[in-house]
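Written out below as structure tokens is the structure these notes cover.
Numbering (the numbering used here), first residue to last: 13 to 70.
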């Protein structure tokens, strides 16, 4: 099972502020899981999301 990243870890990976990442998660713009009151992210989901964003800009 793949480890889940915190908002801080995922934000560092994407080079955005954690609050921006949480806003995207809340809006459903980025793949995320709500665990209790915290957002969590799978690195593989984020990588796929980035790839899809790059492909859609072409």
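Beta carbons: idealized from backbone N, C-alpha and C, even for Gly.
1) According to DSSP, simplified to helix, strand and coil, what is residue 31?
2) Answer yes or no: do residue 56 and residue 21 have a C-beta to C-beta separation smaller than 8 Å?
3) Between the alpha carbons of residue 45 and residue 51, how many angstroms are there, rounded?
4) How many angstroms separate the CA atom of residue 49 from the CA atom of residue 67?
5) DSSP on residue 49, reduced to helix/strand/coil?
Taking the structure as given:
1) helix
2) Taking a C-beta distance under 8 Å as the contact criterion, residue 56 and residue 21 do not qualify as a contact pair.
3) 6 Å
4) Near 32 Å, if we compare the C-alpha coordinates of residue 67 and residue 49.
5) coil
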